[in-house]
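Asks: Here's a structure for you.
Protein chains: 2
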Amino acid sequence: MVADMGGGDVGSGDRGMGNSAGGLSIGRVAEATGMSVHALRFFEREGLFLRPIPRTSGGQRVYDQADVDWLLLCNRLRDSGMPIATIRRFADLVRSGPGNETERLALLRDHEQAVRAKIAELTADLAVIQDKVRTYERHLREGTAVGLWAPTPPA
Amino acid sequence: MVADMGGGDVGSGDRGMGNSAGGLSIGRVAEATGMSVHALRFFEREGLFLRPIPRTSGGQRVYDQADVDWLLLCNRLRDSGMPIATIRRFADLVRSGPGNETERLALLRDHEQAVRAKIAELTADLAVIQDKVRTYERHLREGTAVGLWAPTPPA
DNA sequence: TCTTGACCTAGAGTCCAGTCTAGAAAATAG
DNA sequence: CTATTTTCTAGACTGGACTCTAGGTCAAGA
Chain A
15 MVADMGGGDV GSGDRGMGNS AGGLSIGRVA EATGMSVHAL RFFEREGLFL
65 RPIPRTSGGQ RVYDQADVDW LLLCNRLRDS GMPIATIRRF ADLVRSGPGN
115 ETERLALLRD HEQAVRAKIA ELTADLAVIQ DKVRTYERHL REGTAVGLWA
165 PTPPA
Chain B
15 MVADMGGGDV GSGDRGMGNS AGGLSIGRVA EATGMSVHAL RFFEREGLFL
65 RPIPRTSGGQ RVYDQADVDW LLLCNRLRDS GMPIATIRRF ADLVRSGPGN
115 ETERLALLRD HEQAVRAKIA ELTADLAVIQ DKVRTYERHL REGTAVGLWA
165 PTPPA
């Protein structure tokens, strides 16, 4: 967990990024989110951030904690099967400010249903797999071959 | 555009596939499994069947119910996240006959654990998403903006 | 200062799991 | 028999989500 940013011993101006104002380099954000720096730049190209990520005078990206929080939410959405295109639509809605909360809610509710459905499907798949596992266990215990796939299964 | 077919019409035994011996055309198997005929040919190229699929004298594939059953299991494995390469390893084990049941069991157990882990992850993701949904619902009910992503989130 | 190591861009490449195409032959319905 | 539908092959193509490359620039420690 690399997330503390508490008592700030401020240097001076904002040169560099190991500072107190919440400025995080791309590498630190990668660590904090588990994403690769490549993936972070890809995310930006795809318009998935809620704001244009600011740069240092030298052109390097400076993130803050809100960016990290957003990325952590994005990871939840992505890991649970939301396509990048949909995350982008959500980001677009958030970016365009208040007034479209109903749309954002609808999008999230749709995804919630999709996740519930996926869990249900996996649970059904799991039952089938467990059944196979139990069949093999019984076979190995008892030396029978009933219910196993044979090279040339009995008609 | 029917070209003449010369004299190559050698008499052969099994015409057609709507017969009694359980012979199924690729189209019927596609229907029965929910896969496309393209996917079925792809599956075969990838060596995922338990046997070489036999052909009619005219070169068309003839499946049987055991093939369909195997495909239905494959679909469970695939849908639950098993990569094609792993399904192929499993098929290879089954094809090479008795004696490797321990390996097959290990493969299935590993996948069982993977599916359990995925369900756990999705359940955690779902909690986060539900939380967001509830936040938006409250916002829309009460007209507050607490906890919502703003275009420029408060530092 | 010098030297690493982190970072920059644009764009090409990778992997997975199919999907689609073209042109031809086979099966089936009328 | 004819027309329509299905199937055949090899191989090119797709889409999603990154990942990596090349050729630099920037930042920080000894």
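Protein sequences appear in the order of chains A and B. Here my numbering is used: the first residue of the first sequence is 15, the next is one more, and so on. Here my numbering is used: the first residue of the second sequence is 15, the next is one more, and so on. Glycine included, each C-beta is placed from N, C-alpha and C at the ideal position. Small disclaimer: the values here were computed from a predicted structure and weren't measured.
Please list the partners that A:VAL129 has in chain B, where partner means a Cβ-to-Cβ separation under 7 Å.
Replies: Within 7 Å Cβ-Cβ: LEU136, ASP139, LEU140 and ILE143.
Asks: What would DSSP say about B:ARG102, mapped onto helix, strand or coil?
Replies: In this structure, B:ARG102 counts as helix in the three-state DSSP scheme.
Asks: Taking the alpha helix (DSSP H) that A:TRP163 belongs to, which residues open and close that run?
Replies: Where A:TRP163 is concerned, there is no enclosing alpha helix (DSSP H), given that its DSSP letter is neither H nor E.
Asks: So, is A:SER94 buried or exposed, given that buried needs 16 or more other C-beta atoms within 10 angstroms?
Replies: The residue in question, A:SER94, is buried, as its Cβ has 16 or more Cβ neighbours within 10 Å.
Asks: Going by the CB atoms, is the gap between B:LEU154 and A:GLU115 shorter than 7 Å?
Replies: For A:GLU115 and B:LEU154, yes; Cβs fall inside 7 Å.
Asks: So is B:VAL108 in contact with chain A if we call contact Cβ pairs under 7 Å?
Replies: It does; some Cβ of chain A falls within 7 Å.
Asks: What's the gap between the Cα of A:ARG59 and the Cα of A:ALA53?
Replies: If I take the Cα positions, the gap works out to 10 Å.
Asks: Between B:GLU156 and chain A, is there a C-beta pair that is closer than 7 Å?
Replies: It does not: the Cβ of B:GLU156 has no partner Cβ on chain A nearer than 7 Å.
Asks: What whole-angstrom Cβ distance do A:ALA105 and A:LEU62 have, given they're in contact under 8 Å?
Replies: Between A:LEU62 and A:ALA105 the Cβ distance is about 5 Å, and since that is below 8 Å, they are a contact.
Asks: In or out: B:THR158 buried (at least 16 other Cβ within 10 Å) or exposed?
Replies: B:THR158 comes out exposed.
Asks: Of all the options A:ARG103, A:ARG90, A:MET96 and A:VAL43, which has the alpha carbon lying nearest to the alpha carbon of A:VAL76?
Replies: For A:VAL76, the nearest C-alpha among the options comes from A:VAL43.
Asks: Just the C-alpha distance for A:ARG148 and B:THR70, rounded to the nearest angstrom, thanks.
Replies: Going from the Cα of A:ARG148 to the Cα of B:THR70 covers about 38 Å.
Asks: Between the beta-carbon of A:LEU107 and the beta-carbon of A:ARG118, is there less than 7 Å?
Replies: In contact: A:LEU107 and A:ARG118 (Cβ atoms closer than 7 Å).
Asks: Between A:MET96, A:ILE143 and A:GLY41, which lies nearest to A:ASP78 when the distance is taken from Cα to Cα?
Replies: When each option's Cα is compared against that of A:ASP78, the closest is A:GLY41.
Asks: Can you name, in chain order, every residue of its own chain whose Cβ lies under 7 Å from the Cβ of B:LEU86, other than the five neighbours on each side?
Replies: THR47, listed in sequence order.
Asks: Kindly indicate which three-state DSSP category B:ARG90 falls into: helix, strand or coil?
Replies: Three-state DSSP puts B:ARG90 in a helix.
Asks: Does B:ARG55 pass the burial test, meaning 16 or more other C-beta atoms within 10 Å, or should it be called exposed?
Replies: Exposed, since its Cβ has fewer than 16 Cβ neighbours within 10 Å.
Asks: So what's A:LEU107 in DSSP terms, helix, strand or just coil?
Replies: Helix.
Asks: What does DSSP give as the partner residue(s) for A:ARG75 in the beta ladder?
Replies: Looking at the DSSP assignment, A:ARG75 forms a beta bridge with A:ARG69.
Asks: Kindly identify the DSSP beta-bridge partner or partners of B:LEU64.
Replies: Answer is none; B:LEU64 lacks a bridge partner.
Asks: The alpha helix (DSSP H) spanning A:GLY41 covers which residue range?
Replies: A:GLY41 -> alpha helix (DSSP H) spans 40 to 47.
Asks: List the residues of chain B whose Cβ lies closer than 9 Å to the Cβ of A:VAL51, in chain order.
Replies: What A:VAL51 touches in chain B: nothing, since even the nearest Cβ is about 23 Å away.
Asks: What does A:LEU62 touch in chain B if you count any residue whose Cβ is under 9 Å from its own?
Replies: Those within 9 Å of A:LEU62 in chain B number zero; the least Cβ separation is about 13 Å.
Asks: Please return the same chain residues whose Cβ sits closer than 7 Å to the Cβ of A:SER50, not counting the five positions on each side in sequence.
Replies: So the list reads ALA44, once near-sequence residues are dropped.
Asks: Does the CB of B:ASP93 have a neighbour CB from chain A at under 7 Å?
Replies: It does: the Cβ of B:ASP93 has a partner Cβ on chain A nearer than 7 Å.
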